[in-house]
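Every number in our numbering is 1 more than the matching position in the sequence shown, counting from 1. We treat Cβ as the ideally placed atom computed from N, Cα and C, and that holds for glycine. Quick caveat: nothing in here was measured; it's all calculated off a predicted structure. Working notes, structure below.
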Amino acid sequence: MTSSSFLRGWVKQSTLVVALFSVVVILTPIAARYLHYDNLLIGGEVYYNARIAEGIAQKGIMLYDRLTFSGEHYSLSAFNVLLAALGSRSRIYLALLVMPFVLGPLSAVLLYLWLGCFRIKRHVRIVAALLFAASPAFLHTFCSSSIEAAGVFTLLLGLLLATRGGFANRLAALLALMISALFGPLNMVISLFTLNYYASRANKSRAMLWVMMLSLAVFSIFFYAFWCIHLNQI
């Protein structure tokens, strides 16, 4: 066995450990809820997202949610639009049930791989990823199938691709960060600051990173400005 194949084997084992641990962490509260309440979905937000997605699927994108107490303006979320694309209520609820077991472990693995780009020792990366998966923030974000779960996943994916370099990776990173920005302004701010940090330290690809940061900023400004204009017209 060559040293390169041995190293790849260790990496695969490490990512598998992180992924399986994340699945167990997510499964524990969901199973406990099912045993006590005969219900697999956790939190009120998941039912809100399901209701909004079902409404979008039936009537199109709404600007005002009349079913909440006293009514409120609806803030557009790509998460609900993607759920609405599934069509039926059963498919939407199935997606919300499966999503924690997909986005949660993948996010923990992405964090592990991203830390590897900075030449951090393997055991330190494993501990960091496991602590991330065991944190209350991880449980709250991924067990409840929240909008932030999709935002965290696309943000980590974009950061990993941007760190690895190369034209194809940077282009995919820009796409991932743009999608992440749709899930909340905080993701947009983190993405912009991260790209600015990379651009200030890069040598060969500085120009491309600046272009990525400018493109993301323009995209985010136009998206949120467009939605604010629509809200003011109600």
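Original post:
First and last residue of the alpha helix (DSSP H) that includes Ala-86?
Top reply: In the sequence shown, the residue the question calls residue 86 occupies position 85. Unbroken run through Ala-86: none, as it is neither H nor E.
Original post:
With a cut-off of 8 Å, does the C-beta of Ala-150 fall near any C-beta of chain D?
Top reply: Note that chain D does not occur in the displayed structure, where there is just one protein chain.
Subject >> Stretch-stretch touch, CB-based, cutoff 8 Å, three pairs: the region 144-162 with the region 175-188 >> reply: Yes, since at least three Cβ pairs between the region 144-162 and the region 175-188 fall closer than 8 Å, the two stretches touch.
Original post:
Could you check where the alpha helix (DSSP H) with Ile-180 kicks off and where it finishes?
Top reply: In the sequence shown, the residue the question calls residue 180 occupies position 179. For Ile-180, the enclosing alpha helix (DSSP H) stretches over residues 168-182.
Subject >> Straight-line gap, Val-47 to Leu-83 (C-alpha atoms, nearest Å) >> reply: Taking the sequence shown and counting its residues from 1, one reaches residue 47 at position 46. Taking the sequence shown and counting its residues from 1, one reaches residue 83 at position 82. Roughly 14 Å between the two C-alpha positions.
Subject >> Expected contact under 8 Å - CB spacing of Ala-150 and Phe-143 to nearest Å >> reply: Here residue 150 refers to the residue found at position 149 when the sequence shown is read from its first residue. Here residue 143 refers to the residue found at position 142 when the sequence shown is read from its first residue. Ala-150 to Phe-143, Cβ: 5 Å. Contact.
**OP:** Below 7 Å CB to CB, which residues in the same chain sit around Ala-218 once its five sequence neighbours on both sides are set aside?
**Re:** Taking the first residue of the sequence shown as 1, we reach residue 218 at position 217. Same-chain partners within the cutoff: Leu-193.
Subject >> Host alpha helix (DSSP H) of Phe-143 (start-end) >> reply: Within the sequence shown, the letter at position 142 stands for residue 143. From DSSP, the alpha helix (DSSP H) with Phe-143 extends over 137-144.
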